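S.K.: First the structure, then my questions, so here it is.
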Amino acid sequence: MRHSKLFPAILAIAVLSGAWWWKARVELAPAPSRPPSTAVSPANKPGNSDRTELSFNFERLNPGAGSRESLKDLQDKLRSMDSAEAVAWVREFLTSGKDKTTGLAFEIGSDHSLTQWPTFRTFLLDALRNIDPAAAAEISRGVLSDFTTADEWALALRNIGLADSSPETNAILNEKAQSLIKNPAWQADPSVGYLNAFDVFVHTRAVGSAPLLSDLVQRKDRKDLAHAAFLTLDRLVQRAPADMLVLLASDKELQQSRPEMAAQQFARADLRDPAQQAIVRSWLLDPARTGTELHSFAGVYPNNNRFVSNNLLTTEPPQSGSDFAMHDRAALEILHSWSTDPAFTPVKEHLGTMISRLNGFVATPSE
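Numbering follows the numbering used here, with no gaps: position 158 of the sequence shown is 158.
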């Protein structure tokens, strides 16, 4: 605490007639009573009791059945504190490098927050966003300056992404997400946070991540990485279909390695969009198409399947039955026109499969 400085006063006394009387009054007057000291020792500084309690709760935290309840209590304590004090304590703790495991999983709730935390530091990074989102983003940028853990990085990316969606910030998020995913140690033994960090690419619509995702999808020796990459690729196709399908059409290695998966991505195209319709037309009529690819495409078109999950950054947009019905009727009309076009004769059988499926959908529209 800062104390005001006492400045010495220099008093010049003129020797004048009667001056002794004033001097005598000053000497004889009783000294004014001093108010109680307002100096506060560091131990009693406002907010320090809260900090002491937080530190004490960290020290007594042990992995076990009660750790979730203990962290929930700490969460409430942080929210009840002055936000500046809470942020300062979290900042100091994260800088200290101290940590503890909790015995809990990395579990995401419906509001992008965690409902379980594997370590105390992940708990703090998660809680910080609800205390002060701007401070959480700023502190998270510092976390990304060093390879701490994949779980911490995943939460730091979330904190930044939810606070700022500018193109400049999205570029940073994509760069850091790629660094996270390519980190050899983290990739060798991916945590739940690591696998959920792929959501950054969906949040930023990172079409440029397609080569990385394609490489991982083709990792038949690593089903965990391949599955995470596939889900991300699939969700990117839903959000940026034209751009992603152009890239997939030129990715011959992916089409040869995962023909069914690639074909099902083209089956997500909305033929009402001229750009997507042109891409699908070219893909279907390419002489290089195999029976496996065409069968996979026709078997799911129109592919409107959705993988629903709680994510760090994104939320799946809802779609109504009327939306599906409008899409199905328009797609059916386009397929009928293709079936009468001589250019589509080589794939006419597959067109018939799709028309039959769509006739069923249009007759009994989705609710």
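Positions of the beta carbon are idealized from the N, C-alpha and C atoms, including for glycine. These numbers were taken from a predicted model, which means no experiment stands behind them.
1) Please identify the residue among L247, A298, A84, D151 whose C-alpha is closest to the C-alpha of A197.
2) Tell me which residue opens and which closes the alpha helix (DSSP H) that Q256 is part of.
3) Give the straight-line distance between the Cα atoms of R258 and K182, rounded to the nearest whole angstrom.
4) Can you tell me which of the three DSSP states Q218 falls into?
5) Hey, how far is the Cα of F123 from the Cα of L294?
6) In whole angstroms, what is the alpha-carbon distance linking T101 and V192?
7) Scan the segment 129–196 and note each continuous alpha helix (DSSP H) run of 4 residues or more that stays entirely inside, going in chain order.
8) What's the gap between the Cα of I355 and the Cα of P346?
9) Provide the residue span of the alpha helix (DSSP H) that contains T292, from first to last.
10) Rounded to whole angstroms, what's the CA-CA distance from A86 to V217? Just pull it up for me.
11) Just tell me which of L162, R306, H327, D323 has its CA closest to the CA of L271.
12) Terminal residues of the continuous alpha helix (DSSP H) containing L351?
13) When the Cα atoms are used, what is the spatial distance from S83 to R289?
14) List the endpoints of the continuous beta strand (DSSP E) containing Q116.
15) Would you check if the segment 67–78 and the segment 116–132 touch, i.e. whether three or more CB-CB distances between them fall below 8 angstroms?
16) Which residues in the same chain have their Cβ closer than 6 angstroms to the Cβ of L195, if we skip the five residues on either side of it in sequence?
17) Can you tell which of Q319, A363, T353 has the C-alpha that lies nearest to the C-alpha of S296?
18) My output table needs one value for E92: the three-state DSSP class, helix, strand or coil.
19) Tell me whether the beta-carbon of S140 lies closer than 7 angstroms to the beta-carbon of A156.
20) Say whether the segment 307–323 touches the segment 259–269, bearing in mind that this needs 3 or more beta-carbon pairs closer than 8 angstroms, one atom from each stretch.
21) Taking G103 as the reference, give the member of R329, Q277, G66 with the closest Cα.
22) From T364 to L225, what does the alpha carbon distance come to, in whole angstroms?
23) Tell me which residues share the same chain as V207 and place their Cβ nearer than 8 angstroms to its Cβ, disregarding the 5 neighbours each side in the sequence.
24) What are the start and end residues of the alpha helix (DSSP H) that includes A325?
25) If you draw a straight line from the C-alpha of G64 to the C-alpha of L71, how long is it?
M.R.: Per the coordinate set shown:
1) Of the candidates L247, A298, A84, D151, the one whose C-alpha sits nearest the C-alpha of A197 is D151.
2) DSSP places Q256 in the uninterrupted alpha helix (DSSP H) bounded by 252–257.
3) If you take the alpha carbons of R258 and K182, they lie about 22 angstroms apart.
4) Coil, per DSSP.
5) Taking the straight line from one Cα to the other gives about 48 angstroms.
6) Here the C-alpha atom of T101 lies approximately 15 angstroms from the C-alpha atom of V192.
7) Listed in chain order, they are 133–143, 150–163, 167–182, 184–188, 192–196.
8) Here the alpha carbon of I355 sits roughly 16 angstroms from the alpha carbon of P346.
9) For T292, the enclosing alpha helix (DSSP H) covers residues 291–300.
10) Whole-angstrom Cα-Cα distance: 42 angstroms.
11) Nearest option by C-alpha distance: H327.
12) In the DSSP assignment, L351 falls within the unbroken alpha helix (DSSP H) covering 348–363.
13) If you draw a straight line from the Cα of S83 to the Cα of R289, it is about 60 angstroms long.
14) First-last of the beta strand (DSSP E) with Q116: 114–116.
15) Cβ pair count under 8 angstroms is three or more, so yes.
16) The beta carbon of L195 sits closer than 6 angstroms to the beta carbons of A228 from its chain, once the five residues preceding and following it are set aside; these are given in chain order.
17) When each option's Cα is compared against that of S296, the closest is T353.
18) Here DSSP, grouped into helix, strand and coil, assigns E92 to helix.
19) Less than 7 angstroms divides the Cβ of S140 from the Cβ of A156.
20) The answer is no - the segment 259–269 does not touch the segment 307–323, with fewer than three Cβ pairs under 8 angstroms.
21) The shortest C-alpha separation from G103 is found at G66.
22) Answer to the nearest angstrom: the Cα atoms are 38 angstroms apart.
23) Answer for V207: L236, A240, D243, M244, L247, listed in chain order.
24) A325 -> alpha helix (DSSP H) spans 321–339.
25) Computed Cα separation, rounded: 12 angstroms.
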